[in-house]
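Position in the sequence shown (first residue = 1) + 57 = my numbering.
Beta carbons: idealized from backbone N, C-alpha and C, even for Gly.
The structure displayed is predicted, hence computed values, not measured ones.
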Amino acid sequence: MRHLLPTLIAALLMAALIALDFARPLGAHPWWSQKTLLIGAPIGLILATLAGVKLRPLPLTITCAVATILAFATAKYGGTQFAASYAEDQFAGHLWHFGWVATGASLAATFTSGAKWRLYRS
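The following block contains the structure:
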């Protein structure tokens, strides 16, 4: 039960971000902006909950935050390269799409581990 409350808090935060479509102004494709986060969020929630069983919350939160930054940088690079190639560079398109999926997953994991660290620090 101890691991479910941070996951629930993170799920509610991710649901709010998806409902507000926060990825679109940050550079996600308008068609995929909510869908990529809907794919990535459950993955991140599950991975952070499982990792939180063995790892301490603060190092896990820092690691997930760094992963979020790297995933967002990958998504931005893919988006700019895809646009610069006039939508012909498939690899850049995949980087753009899967970078946003990874951003959603790592952001959900950051929220989960951060909530666990905030709730249960001793």
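Given residue i as reference, the closest of the options once Cα atoms are compared
i: L164; options: A128, F148, Q138, A85; result: A128
i: T125; options: R175, F155, A162; result: A162
i: L77; options: G135, H151, L94; result: L94
i: R62; options: G97, I103, A141, F155; result: Just to set this straight, residue 62 is Leu in the shown sequence, not Arg. Looking at the Cα atoms, I103 is the closest of the given residues.
i: R175; options: P114, I75, V110; result: P114
i: T160; options: A144, Y177, P99; result: P99
i: T64; options: G101, Y143, S142; result: G101
i: A72; options: R178, K92, S142; result: K92
i: R178; options: Y134, T118, F155, P82; result: T118
i: A132; options: A141, F155, S90, K111; result: F155
Beta-carbon proximity of residue i to residue j, cut-off 8 Å
i: W157; j: A80; result: yes
i: L66; j: A166; result: The identity of residue 66 in the sequence shown is Ile, whereas the question assumes Leu. Not a contact, by the Cβ cut-off of 8 Å.
i: G84; j: G136; result: yes
i: G109; j: H151; result: no
i: L187; j: F168; result: Lying outside 58 to 179, the shown extent of the chain, residue 187 is not represented and no answer is given.
i: A122; j: Q138; result: no
CB-CB length for residue i against residue j, believed under 8 Å
i: S170; j: A105; result: 5 Å
Endpoints, alpha helix (DSSP H) assigned at residue i
i: Y134; result: 114 to 141
i: R175; result: 147 to 177
i: P87; result: Segment: none, P87 is in no alpha helix (DSSP H) and carries neither H nor E.
i: A76; result: 61 to 76
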